[in-house]
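Enquirer:
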Amino acid sequence: MSELERRKRREGERTGNPYLYFSLGIGFVIAAVLIIVTSGTAAAGLGFVIAAAALIGKGASDLRGQQRAVAPTVSKERELLSAIRDNGGSITPAEAAMETSLTVREADGMLSELAGGGHLAVNSRDGALFYSLPGRRSQELEER
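Just add 33 to wherever you are in the sequence shown, counting from 1, and you've got the working numbering.
1. Using 8 Å as the threshold, is the region 84-94 in touch with the region 122-132, meaning 3 or more CB pairs across them?
2. List the residues that DSSP assigns as beta-bridge partners of I124.
3. Which residue's Cα is closest to the Cα of I69: G78, L57 and K91?
4. For the putative contact between P167 and A154, defined by C-beta atoms under 8 Å, what is the C-beta separation to the nearest angstrom?
5. DSSP state of S157, grouped into three classes?
6. Exposed or buried, I63, counting other C-beta atoms within 10 Å across all chains shown (16 or more means buried)?
7. Should A129 go down as buried or exposed, given a rule of 16 or more other Cβ atoms within 10 Å for buried?
8. Among T133, Y164, E132 and S134, which has the Cα closest to the Cα of E146?
9. Is the distance from the Cβ of A161 to the Cβ of T133 below 8 Å?
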């Protein structure tokens, strides 16, 4: 399971479905309007209005939380892939850490994950693991 999938799963455990909260909130707004119209007094629907505001607020909060959880992982992966490209198509975890905001451990984990998914090729040379973009691995490693 990738880091992105793990983060999504953890985020999903902490929060509910924001669209469900939005739907329930809208339902409470409709109920409040119907009660106010039929009873002729605003106080009768006040409880429904408060519940609607709480549900819509919870939905908005959960939606923002889910968006924040996904964005950093995607930008780190893009940063790592850009570093590979800028480094001639292959890179070691230590080089990735020097050229990105990642630590060596984070870079090694992300590179291993990408290699496990078939997105990068792994070659060993002089005891170091080189992660290469497909089609560039043999040519670039020979030049090093």
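C-beta: ideal position from N, C-alpha, C; glycine also.
The structure displayed is predicted, hence computed values, not measured ones.
Expert: Taking the definition as stated:
1. no
2. For the purposes of this step, residue 124 is taken as residue 91 along the sequence shown, with counting starting at 1. Looking at the DSSP assignment, I124 forms a beta bridge with Y164.
3. In the sequence shown, counting from the first residue as 1, residue 69 sits at position 36. Per the Cα distances, G78.
4. Sequence index remark: in the sequence shown, residue 167 carries index 134 (1-based). Sequence index remark: in the sequence shown, residue 154 carries index 121 (1-based). Sure, about 6 Å apart at Cβ, within 8 Å.
5. Locating residue 157 in the sequence shown gives position 124, counting from the first residue. Reduced to three states, the DSSP call for S157 is strand.
6. As a working note, residue 63 is residue 30 in the sequence shown. When all chains shown are included, I63 counts as exposed.
7. Walking along the sequence shown from the start, residue 129 turns up at place 96. Label assigned to A129: buried.
8. As a first step, residue 146 must be located in the sequence shown, where it is residue number 113. Cα-wise, what sits closest to E146 is Y164.
9. For the purposes of this step, residue 161 is taken as the residue at position 128 of the sequence shown. For the purposes of this step, residue 133 is taken as the residue at position 100 of the sequence shown. Taking 8 Å as the Cβ cut-off, A161 and T133 do not qualify as a contacting pair.
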